[in-house]
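To keep things clear, I will list the structure first and then write my remarks on it.
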Ligand SMILES: [Zn+2]
Ligand SMILES: [Zn+2]
């Protein structure tokens, strides 16, 4: 996902459209490698203005798989985002997503601007930091790990064994029957 700067410069003042599907297997988020399902769809355009600023308008969508923090079931998150970026070659400080505009730097010698690192950054901003499969997810049994959403009246065998509430001789009897 590269913007060709020399082409943009040649077509100064013209909004140059782009559209691309990017294959991205996974994205790193809080030390997790989250699978990305299907391609990342990117569309938008860029314009090179007389003050040597590159304005980029970006629309993208992605499906990212996270796991419920309580029951660990996979959840697919659909992300849709619009971003306005500006690349300037003469600035000291970059402004990352402050309000509606993000301002970044490019070098005079750059032939292209790679948008992928920015796309990844925006995806991470959109991802749910504490994903739940549903707001009242019951999570897992702390003793045996059973999914409590699936077993509403979970009577934990392991818990009973640990606390000695159940006579182990009954198990022997159960095996004989
Ligand atoms: Zn859950
Ligand atoms: Zn249990």
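Numbering (the working numbering), first residue to last: 2 to 178. For every residue, glycine included, the Cβ atom is placed at its ideal position computed from N, Cα and C.
Helix, strand or coil at residue i [DSSP, three-state]
| i | result |
| --- | --- |
| residue 131 | coil |
| residue 105 | strand |
| residue 1 | Outside the displayed range of the chain (2 to 178) lies residue 1, so it cannot be described from this structure. |
| residue 1 | Only positions 2 to 178 of the chain appear in the structure, and residue 1 is not among them; the question remains open. |
| residue 27 | strand |
Boundaries of the alpha helix (DSSP H) in which residue i is found, first to last residue
| i | result |
| --- | --- |
| residue 6 | 6-11 |
heavy atom of ligand 2 below 6 Å from residue i C-beta
| i | result |
| --- | --- |
| residue 138 | no |
| residue 144 | yes |
Any non-hydrogen atom of ligand 1 within 6 Å of residue i CB
| i | result |
| --- | --- |
| residue 152 | no |
| residue 134 | yes |
| residue 74 | yes |
| residue 157 | no |
| residue 38 | no |
Start and end residues, beta strand (DSSP E) containing residue i
| i | result |
| --- | --- |
| residue 19 | 17-23 |
| residue 61 | 55-68 |
| residue 42 | 33-49 |
| residue 86 | 75-89 |
| residue 113 | 113-115 |
8 Å CB neighbourhood of residue i in its chain, flanking five on each side removed
| i | result |
| --- | --- |
| residue 38 | 64, 65, 66 and 77 |
| residue 120 | 2, 23, 41, 43, 59 and 61 |
| residue 108 | 90 |
Cutoff 6 Å; reference residue i; Cβ partners in own chain excluding five residues on either side
| i | result |
| --- | --- |
| residue 103 | 86 and 97 |
Beta-carbon contacts of residue i that lie in its chain and below 7 Å, excluding the five residues immediately before and after
| i | result |
| --- | --- |
| residue 150 | 72, 138 and 139 |
Between the stretch 40-50 and the stretch 65-76, do three or more beta carbon pairs fall short of 8 Å? no
With three or more beta-carbon pairs closer than 8 Å as the criterion, would you say the stretch 136-147 touches the stretch 79-93? no
Taking contact to mean at least 3 C-beta pairs separated by less than 8 Å, is the stretch 84-95 in contact with the stretch 20-38? no
Please determine if the stretch 26-33 and the stretch 109-127 are in contact, where contact requires at least 3 C-beta pairs separated by less than 8 Å. yes
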